[in-house]
Every structure is written in structure tokens, then in C-alpha cells.
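Scroll down for the structure; my scribbles are underneath it.
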Amino acid sequence: MIFEKAKEFILEKLDRELPQQLMYHDMRHILDVYQAAINYATLEQVNDEDTILLKTASLFHDCGFIIQAENHEAISCQIAEEILVQFDYSPEQIQKIKGMIMATRIPQTPTNHLEEILADADLDYLGRDDFEEISERLFKELNFSNRNDWNKIQISFFEKHNYFTKSAETLRNAKKQENLEQIIAQTKFN
Numbered sequence: 001m002i003f004e005k006a007k008e009f010i011l012e013k014l015d016r017e018l019p020q021q022l023m024y025h026d027m028r029h030i031l032d033v034y035q036a037a038i039n040y041a042t043l044e045q046v047n048d049e050d051t052i053l054l055k056t057a058s059l060f061h062d063c064g065f066i067i068q069a070e071n072h073e074a075i076s077c078q079i080a081e082e083i084l085v086q087f088d089y090s091p092e093q094i095q096k097i098k099g100m101i102m103a104t105r106i107p108q109t110p111t112n113h114l115e116e117i118l119a120d121a122d123l124d125y126l127g128r129d130d131f132e133e134i135s136e137r138l139f140k141e142l143n144f145s146n147r148n149d150w151n152k153i154q155i156s157f158f159e160k161h162n163y164f165t166k167s168a169e170t171l172r173n174a175k176k177q178e179n180l181e182q183i184i185a186q187t188k189f190n
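Position 105 of the sequence shown, counting from 1, maps to 105 under the numbering used here, and the rest follow consecutively.
Have a look at this one:
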């Protein structure tokens with residue numbers, strides 16, 4: 001695997017080709033998920049090869065937005081498959097990466113430890129201090145006009161969401177609960 005070259009290639013492609021109107025699924029999000037994945041890989045004591053696969057999957061997980069938002073995870077898998085063979089990733093490694101990418105699809109259904117880590121990294125912000133700022137970017141990207149309806153959607157999402165790894169639970173659950181309570185306090189229920 002020639003990870004550094006693959007990283008350079010996909011970041012340049014994303015920078016050039018991601019639609020400008022994306023306010024959430026942009027380079028900030030991809031690099032945020034990348035950093036979270038590295039952090040969780042360390043905390044979860046992932047071996048070196050799997051850490052590289054995890055880092056690769058995090059960089060490719062939303063590249064399908066270059067084409068379209070709908071079904072972007074499957075498109076991301078196709079793009080990863082086409083590109084990663086050029087950087088000496090084996091078919092087995094590419095399959096693992098594709099599994100991790102698909103684990104970020106909502107509702108998240110990871111089937112192994114690496115998929116759980118990437119799923120947690122993708123929604124790491126739910127349990128962080130910068131949640132409100134990031135949530136606002138998603139609100140704008142999705143073109144919502146009614147803040148109260150958005151809050152209700154977020155409450156429902158939070159109530160269904162669980163982190164998969166012990167590390168994410170330990171690191172993020174308390175703040176995630178605080179963030180949820182703040183949304184509830186701002187919401188009018190009929």
C-alpha cells in the first residue's frame with residue numbers, strides 16, 4: 001500500500017471536485033473524520049496495517065458526493081476500488097475499505113471492529129463541544145427552513161444513535177447527552 005500517495009491523490013481530487021454548496025460533507029468533515037479515525041485506532045489498539053486501511057477508508061468515505069448525494073456510499077466504494085488498485089492495495093484490503101465506507105451509511109450497521117471505528121469517527125462530533133457549529137452546517141446543507149422541525153429530526157437521530165466502540169462511548173457519550181438536552185430545551189413540542 002502506498003498510503004501517502006493515495007492520500008495526496010484523493011485529497012486533491014476532493015478539493016477540486018466536491019460541489020461548493022456542500023457545507024457539511026466538505027473537506028473539513030473528511031479531515032475531521034480522518035483525525036477521529038486515527039484517534040480511535042490508537043485508543044482501540046488497532047494494528048498498523050488496519051490503521052492504514054482505516055485512514056484510507058476515512059479519506060474515501062464521502063468521495064461519492066463528487067457525483068451525487070444519494071447513495072454516495074456505494075459510489076464512494078466504486079471510486080475507492082478504481083483508485084486504490086493504482087496504489088498497490090490488494091483486493092482483500094479494498095474489500096475491507098469498502099466495508100468500512102458502507103458502515104457509515106445511516107442507519108449505521110457495522111459488522112466488524114474496523115467498521116465500528118469508522119462509523120464512530122463519522123459521527124464523532126455528536127459528542128463534542130463543536131457539535132452546534134457542525135450541526136448548523138448540516139442544517140444549511142440540507143436546506144432546512146424550519147429550525148424546530150430540524151431540532152425534532154436531530155432529537156430522533158440522537159435517540160436512535162449509539163456509539164459502537166468502548167472508546168467512543170467513554171469519550172463522547174456524556175457530551176452527546178448534554179448536546180441532546182440542549183436541543184430538547186430549544187424545541188417546541190405541540
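Ideal Cβ positions, reconstructed from N, Cα and C, are used throughout, including at glycine.
Query: Determine the DSSP secondary structure at K5, reduced to helix, strand or coil.; Result: helix
Query: Are the Cβ atoms of A6 and T56 separated by less than 8 Å?; Result: yes
Query: Would you mind stating whether L126 and N179 have Cβ atoms separated by less than 8 Å?; Result: yes
Query: Could you give the distance in angstroms between the alpha-carbon of F60 and the alpha-carbon of A80?; Result: 6 Å
Query: Can you give the Cα-Cα distance for K188 and G99, rounded to whole angstroms?; Result: 39 Å
Query: List the whole-angstrom C-beta distance separating E141 from Y24, where the pair is believed to meet the contact cut-off of C-beta under 8 Å.; Result: 4 Å
Query: According to DSSP, is P19 helix, strand or coil?; Result: coil
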